[in-house]
Each structure stands twice: as structure tokens, then as C-alpha cells.
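Beneath this line is the structure, given in C-alpha cells, with notes to follow.
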Amino acid sequence: FVGYPSDDINKFLWMVRIGGGVFPHIKEPDYLRDGQYQIDSQATPTMLNCLMYKLSYYRFVETDGKGFDRELGGQKLGRSISNLPILR
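For the sequence shown, position 19 (counting from the first letter as 1) is numbered 29 according to the numbering used here, and the numbering increases by one without interruption.
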């Protein structure tokens with residue numbers, strides 16, 4: 011489950027920073043709204059469409075029917091992820 015200090019989405023921005031060091035087209039501000047890390051309806055399109063968001067919140071609403079992330083201040087998910095693309 012997501013919602014603990016050591017969960018994947020909590021470390022997400024570090025992955026963006028590291029990726030941006032290798033791939034210059036990855037830019038941290040693209041994932042932030044007004045300098046804040048959001049996963050709710052205020053999240054940026056880049057955040058809502060990234061694979062890490064999709065993998066972290068895949069079928070998340072089904073766990074309690076609400077879709078709130080406890081670790082991120084009770085933010086309600088900006089997008090419900092009920093299916094994932096096939097990765098090869």
C-alpha cells in the first residue's frame with residue numbers, strides 16, 4: 011500500500027532529480043504545481059501521466075473506496091488508475 015514514509019511515491023522527486031541528471035528533458039518543475047508536489051486534482055499533467063504515478067496508484071481506490079493518500083496530507087487522487095499499458 012501507498013501512504014508510508016518509505017513508499018515509492020514519497021521518494022518520487024528524487025527519481026525525477028536523478029533522471030534529470032541523465033536525461034535533460036526530465037525537469038522537476040514539470041512535476042510541481044506552484045512549487046508543491048501534488049497528486050490530487052491540482053497535479054500537473056506530467057505528474058498524472060507518468061509511469062511512477064500510474065504504478066503507485068494503480069487500483070488504489072479499490073482498497074478503501076476513497077482514494078486518499080494518508081502520507082501526502084490526505085490528498086485525494088487526481089486520477090483513478092484502473093488499467094495500465096502493457097510494457098515490454
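C-beta atoms are modelled at their ideal positions from N, C-alpha and C, and glycine is treated no differently.
Q. From LEU94 to LYS21, what does the alpha carbon distance come to, in whole angstroms?
A. 21 Å
Q. Which first and last residues belong to the alpha helix (DSSP H) in which LYS37 is found?
A. Here LYS37 belongs to no alpha helix (DSSP H), and DSSP marks it neither H nor E.
Q | Spatial neighbours of PHE11 in its chain, beta-carbon cut-off 7 Å, leaving aside the 5 residues before and after | A | Reliability of the predicted coordinates at PHE11 is poor, the pLDDT of 45 falling under 50, and the value obtained from them is presented with this limitation in mind. Closer than 7 Å at the Cβ level, and outside the excluded window around PHE11, lie THR73.
**Q.** Proximity to THR56 [Cα-Cα], best of TYR67, ARG43, TRP24, TYR68
**A.** ARG43
Q: Using only alpha-carbon positions, find the residue among GLY29, GLY31, ILE96 that is nearest to LYS64.
A: Minimum Cα distance to LYS64 is reached at ILE96.
Q) Among CYS60, SER92, ILE91, which has the Cα closest to the Cα of MET25? A) Of CYS60, SER92, ILE91, the residue nearest in Cα terms is CYS60.
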